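Taking it in order: structure first as structure tokens, then the write-up.
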Amino acid sequence: MAGVPHAGAPTGHPVRRGDLYAVNFEPSVSGEPARTRPAVILTNNLANESLPHLVVAPITSNVSREYPFDVMLPAGSCGLPESSRVQLNYIRGLNRTRIGAYLGSLTPTQLADLDRRLKVHLGLS
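First residue of the sequence shown? That's 5 in this note's numbering, and the numbers climb one at a time after it.
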């Protein structure tokens, strides 16, 4: 499979697990992440190559609180200008038409941390 190209990147560049994109979260409901904001792709790469929907976790620059299921990202990391946190408590399935510009990718260490924290949040550990 050649992979589904992502918006904002050269044709043929596949969406990969651990990539960060600008994602449109509208419409949102009461307390859910809103507007277009960074998000990390959680879906496995086989699904990313073939399915019209992706699972993502939104990212916020509000780092005043930290939960055991948050992944902290330092300023300048993954194409993010500010310190941020991946909000694994707000994972969401979306149509890939909501995916905008490619921002960057998690490092292997950050992706391993995300996996560990996702297991905690979902009660899989």
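Cβ coordinates follow ideal geometry from the N, Cα and C atoms, glycine included.
Being a predicted model, the structure only gives us computed values, none of them experimental.
Residue 123 has its alpha-carbon roughly 12 angstroms from the corresponding atom of residue 46. Going by beta carbons, residue 88 and residue 67 fall inside the 8 angstroms limit. Under DSSP, the beta-bridge partners assigned to residue 59 are 97. In the displayed model, residue 79 falls within coil according to three-state DSSP, outside both helix and strand.
Residue 39 counts as exposed, since fewer than 16 other C-beta atoms from the protein chains shown sit within 10 angstroms of its C-beta. Distances from the alpha-carbon of residue 57 to those of 98, 107, 127 put 98 closest. With fewer than 16 neighbouring CB atoms inside 10 Å of its own CB, residue 80 falls in the exposed class.
For the set 48, 110, 24, the Cα lying nearest the Cα of residue 42 is the one of 24.
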